[in-house]
Amino acid sequence: MSTTIAKKIQMVDLKGQYQKIKTEVDAAIQNVIDNTAFINGPAVKEFQADLERYLGVKNVIPCANGTDALQIAMMALGLKPGDEVITASHTYVATAEVIGLLGLTPILVEVHPDTFCINVDAIAKAITPKTKAIVPVHLYGQCADMESILALAKKHNLFVIEDVAQAIGAEYTFSDGKKHKAGTMGTVGCTSFFPSKNLGCYGDGGAIYTNDDELAKKLRMTAHHGQSVQYVHDVLGVNSRLDTIQAAVLKIKLKHLDEYSAARNKAAAYYDKAFANHPKIKTPVRAKNTTHVFHQYTLQLVGVDRNKIREQLAARDIPSMIYYPIPVHKQKAYQSDRHTSANFPITEHLATCVLSLPMHTELDEEILNYISTSLLELVNA
Ligand SMILES: Cc1ncc(COP(=O)(O)O)c(C=O)c1O
C-alpha cells in the first residue's frame, strides 16, 4: 500500500454535511418541537413552495417516502389490475415493487449500456395494448432519454411516471433548447428524501411533482386517505405525510442543493481524470442533453475480479457498493415469461461489473487521491 489516510472514508458522509449547517438545522428542529407542529406544520407548506420554485413545477405533493410517491402516483392515475407498466430491470426494487403491489403487471426492460438508464428501443418493443405507463428511472443522477420516451408515450397514449429518487436537481435539455428539471417532464415525478439521497432528510421523506392541477388534487387526496373534505372519502387512499421535522430540515438543505451537486461533480471529475482511458476501468458516460448530479459514481470494471477488488478496497478502509447485484427480473418475486435472460444482456452484464465508489458532498482531494490511487494499484496488480 503506497498511502494511508487518517480520516474514516464513508460511502456518504452525512455527519460532515450536517456539521456545516448544524446551527440552522438544530434551531429549525427545535422550533418544530417548541410549536409541537409535528404533523402538517408550517414547514411542510413552506418546503413544498420552495421546491415548486426550485423545480419550476406547478405542484409538489410531499409524502412519506419515495416508494409511497410512486404508489400514490399510480393510484391517482387510476391504473387498474392487469394494466402493464414498463420500467427498467436495472433499478432499485421499489420502482417495480409498487407496480406489483397494486396488481398492475411490471414489464421489465433493458437499459442503455452507457447511461444505465432505460433503453427506448426496449420500451417500444415491450408496448402492448395493455400498456398504460412507462416509468423511466433517472439512475445514478442523470436523466433518461426523456425526449424519445415522451414521444413514444404520446404516440401510444401512455403516462410517464419519472422515478427521480436518484436525480433531484438534474436538468434535461430538449432539442428545442428548453430545459426542464428531472421529474417535471412526464405526467408525474416521484422522488425520495432518504438520508443518503442528494436532497436527504433525517429520516424518511418523499414527494410527487406534477404540472397538471387536476392530477395534483387527486394525488393530494390519495396521499390523505382518499379524503376530499374532512371525513369524506371518495377514493381509496393511503396515509402518507412528510413529517414537519423532515420538512424543516429539507427546507434548509434545499438552499444548498446546487452547491451539493457541484461538490459531487467535482469529486466525479477527480475520479474521471484519475481513471481516464484505463483499459480495465470504464468511467460513467455523461449523456447528451442532461446534467449529472452524481447520486452515485458507478464504474464498470473490465476483466478483473470485482468482488476481490471490493474486498481489497475494504481492507484499505475504502467502502464500495454494487448497485445492483441482482437485477429485478432475476428476483423470485418478479419472475415472468417476459423476463427471460435473453432480453437482458446489458443488465445482467452490469450486475457483474458495476462498482460504486464513495460519493458525497464532503470528499476532499486527500480522500479522492487515496481512493483512486488504491483502486488503480489493485486493478493494475
Ligand atoms: C430509484 C429509486 N426509486 C425509489 C426509491 C424508494 O425511495 P424510498 O426509500 O424513499 O422509499 C429509491 C430509494 O432508494 C430509489 O433509489
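All residue numbers for the sequence shown refer to our numbering, where the first residue is 833 and numbers rise by one.
Ideal Cβ placement from N, Cα and C applies to all residues, glycine included.
Just so you know, these numbers come straight off a predicted model, no measurement behind them.
Beta-carbon gap between residue i and residue j smaller than 8 Å
i: Val941; j: Ala920; result: yes
i: Cys1033; j: Val1070; result: no
i: Lys969; j: Asp946; result: Looking at the sequence itself, residue 969 is Val, so the reference to Lys does not match. In this structure, Asp946 does not lie closer than 8 Å to Val969 by Cβ.
i: Thr899; j: Glu929; result: yes
i: Asn1043; j: Thr1016; result: yes
i: Ala896; j: Ala1079; result: no
i: Ala1039; j: Ile893; result: yes
i: Tyr1103; j: Tyr1129; result: yes
i: Arg1148; j: Ser1206; result: yes
Residues that residue i bridges to, as DSSP identifies them
i: Met978; result: DSSP output for Met978 lists no bridge partner at all.
i: Ser1188; result: Thr1130, Met1153
i: Ala920; result: Val941
i: Gln1059; result: His1065
i: Asn891; result: Thr1042
Residue i, enclosing alpha helix (DSSP H) - first and last residue
i: Asp809; result: This structure cannot settle anything about residue 809, because the visible part of the chain is limited to 833 through 1213.
i: Glu899; result: Per the sequence presented here, residue 899 reads as Thr, with Glu not at that position. Thr899 -> alpha helix (DSSP H) spans 898-908.
i: Phe1107; result: 1089-1107
i: Ser1206; result: 1197-1212
Assigned exposure category for residue i - 16 Cβ within 10 Å defines buried
i: Gly935; result: exposed
i: Thr1184; result: exposed
i: Val1134; result: exposed
i: Asn1030; result: buried
i: Ser1168; result: exposed
i: Ile871; result: exposed
i: Asp1075; result: buried
i: Lys1087; result: exposed
i: Ala865; result: Reading off the sequence shown, one finds Ile at residue 865, where the question assumed Ala. When all chains shown are included, Ile865 counts as exposed.
i: Ala859; result: exposed
i: Ser834; result: Note that Ser834 scores a pLDDT of 49, beneath 50, so its modelled location is shaky and nothing firm can be said.
Any chain C beta carbon closer than 8 Å to residue i
i: Gly1021; result: You won't find chain C in this structure, because it holds only one protein chain.
Limits of the unbroken beta strand (DSSP E) element including residue i
i: His1012; result: 1011-1013
i: Tyr1041; result: 1038-1042
i: Lys964; result: 963-967
i: Thr1005; result: 1003-1005
Would the region 1014-1030 and the region 983-1001 be scored as touching if the rule is three or more Cβ pairs under 8 Å? Verdict: yes, contact present.
Decide yes or no for the touch test of the region 913-928 against the region 1155-1174: beta carbon pairs closer than 8 Å, at least 3 of them. Look at the beta carbons and you see the region 913-928 touching the region 1155-1174: at least three pairs across the two are nearer than 8 Å.
Contact between the region 970-980 and the region 1107-1125: three or more CB pairs below 8 Å? Cβ pair count under 8 Å is three or more, so yes.
At a cut of 8 Å, does the region 1205-1213 reach the region 1050-1059 through at least three beta carbon pairs? The way I'd put it, the region 1205-1213 doesn't touch the region 1050-1059; fewer than three beta-carbon pairs between them come closer than 8 Å.
Is it the case that the region 1111-1119 contacts the region 874-890, given that we only count it when at least three CB pairs across the two stretches are under 8 Å? Here the region 874-890 does not lie against the region 1111-1119, with fewer than 3 beta-carbon pairs under 8 Å apart.
Does the region 1192-1211 touch the region 843-856, meaning 3 or more C-beta pairs lie closer than 8 Å? Contact between the region 843-856 and the region 1192-1211 is present, with at least three C-beta pairs closer than 8 Å.
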